[in-house]
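Everything on this sheet refers to the single structure shown next.
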Amino acid sequence: AQSVTQLGSHVSVSEGALVLLRCNYSSSVPPYLFWYVQYPNQGLQLLLKYTTGATLVKGINGFEAEFKKSETSFHLTKPSAHMSDAAEYFCAVRHFTGGGNKLTFGTGTQLKVEL
Amino acid sequence: DAGVTQSPTHLIKTRGQHVTLRCSPISGHKSVSWYQQVLGQGPQFIFQYYEKEERGRGNFPDRFSARQFPNYSSELNVNALLLGDSALYLCASSLEVAGGRETQYFGPGTRLLVL
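First to last, the protein sequences are chains E and L.
Under the working numbering, read the first sequence as residues 1 to 115, first letter to last.
Under the working numbering, read the second sequence as residues 1001 to 1115, first letter to last.
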C-alpha cells in the first residue's frame, strides 16, 4: 500500500526566507508524486508533479521539488517565501495499478509566512 | 475555460438525512473522482468513475454511492448522515484513467455540516 508522511504540520518562515516542506512516501513500485496547495475555503491546486524523467521538477509560483528514490522523499522548496505563499500544502502519491486514478494524500503542512 | 464546478457550495443537514452533491468536470475530461476532507486532515479517496463506470472505491461504508452521467458529470450520494460525515467534499476530474500520469484537477468543494 502507498502512503505519504509530511513532517511538520505547521511551518513558519520569514518573508524572503527559504521554504522547505518535507514529504516522504512509501511505495513498492516507482511512484507518481504530486504537491497540491489549498488556500482557505478553496479546493486543491496542483503545484507540480513527478512521473518519470528528470528528478528535479519545477512548478508554479517558483516552487520546485526533487524526487530522491534512495531517501523515498519528495521535498518541496522555494528559495524566497512570499506572503501569498501562506496556505496548506499537501503531498500525494499515485500508484499505477493499471486502472484507477486514486491519490493518497499526506496530512498536510500549514505554511505561515511572517514579515 | 471553466474548471471543475461543484454544487452546492455549502450545505447543512441533520443526522439521518440524505444528501446529493454534484460535480461537473472540465470539458473533455471523462474521469471524475470524489474525496472527503475532514477538518485538519488530507483528502481521502471515496470513488472514481470513468466513462460512467466505477473504477475505484475507497474505504467508505455503503451509505456512500455515486454515479456518472453521459455528459460525464457526477453525483455523490450519502444516506443516513452521521455527524462524522461533516467535511469538505472535493470532486476532481482528469482526462483518462489509464497510465496514471494524468493530473487531477480539483473543484472548490462542497462543505457539508451535519447537525
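We treat Cβ as the ideally placed atom computed from N, Cα and C, and that holds for glycine.
It should be emphasised that the depicted structure is a prediction, and the values quoted were computed from it without experimental measurement.
| Asked | Found |
| --- | --- |
| Using only the alpha-carbon positions, how far apart do E/Val29 and E/Ala1 sit? | 10 Å |
| List the whole-angstrom C-beta distance separating L/Arg1111 from L/Leu1082, where the pair is believed to meet the contact cut-off of C-beta under 8 Å. | About 16 Å; that fails the 8 Å criterion. |
| In three-state DSSP terms, what is E/Ser70? | helix |
| Closer than 8 Å by C-beta to E/Ser116: which residues in its own chain qualify, once you throw out the five before and the five after it? Chain order, please. | Residue 116 of chain E lies beyond the stretch modelled for chain E, which goes from 1 to 115, so this question has no answer here. |
| Between L/Asp1085 and L/Gln1036, what straight-line distance do the alpha-carbon atoms span, to the nearest angstrom? | 9 Å |
| Examine the Cβ distances between the segment 18-28 of chain E and the segment 60-79 of chain E and report whether three or more of them are shorter than 8 Å. | yes |
| Under 7 Å between beta-carbons, which chain E residues line up against L/Thr1005? List them in chain order, please. | None at all; the shortest Cβ gap to chain E is about 10 Å. |
| Note the first and the last residue of the continuous beta strand (DSSP E) segment covering L/Arg1057. | 1053-1057 |
| Of all the options E/Ser26, E/Asn101, E/Lys68, E/Glu64, which has the alpha carbon lying nearest to the alpha carbon of L/Ser1094? | E/Asn101 |
| Tell me L/Glu1075's beta-bridge partners as DSSP assigns them. | L/Arg1022, L/Arg1067 |
| Between the segment 1009-1029 of chain L and the segment 1041-1054 of chain L, do three or more beta carbon pairs fall short of 8 Å? | no |
| Run down chain E in chain order and give the residues with a C-beta less than 8 Å from the C-beta of L/Glu1024. | One detail in the question is off: residue 1024 of chain L reads as Ser in this sequence, not Glu. By Cβ distance, chain E contributes nothing, its closest Cβ being about 13 Å from L/Ser1024, past 8 Å. |
| Rounded to whole angstroms, what's the CA-CA distance from L/Gly1028 to L/Arg1022? Just pull it up for me. | 17 Å |
| Rounded to the nearest angstrom, how far is the Cβ of L/Ala1080 from that of L/Trp1034, given a contact under 8 Å? | That belief does not hold up - the Cβ atoms of L/Ala1080 and L/Trp1034 are roughly 18 Å apart, past 8 Å. |
| Quick one: residues in its chain with C-beta nearer than 6 Å to the C-beta of E/Lys49, no 5 flanking neighbours on either side, listed in chain order? | Phe34 |
| Using a Cβ-Cβ cut-off of 6 Å (strictly less than) and excluding sequence neighbours within five positions of L/His1010, which residues of its own chain qualify? | Arg1111 |
| So, helix, strand or coil for L/Ser1033, using DSSP? | strand |
| Flag this pair as yes or no: are the beta carbons of E/Leu115 and L/Pro1043 separated by less than 9 Å? | no |
| For L/Ile1046, count neighbouring Cβ atoms within 10 angstroms of its own Cβ and tell me buried if that reaches 16, exposed if not. | buried |
| With DSSP as the reference, label E/Asn101 as helix, strand or coil. | coil |
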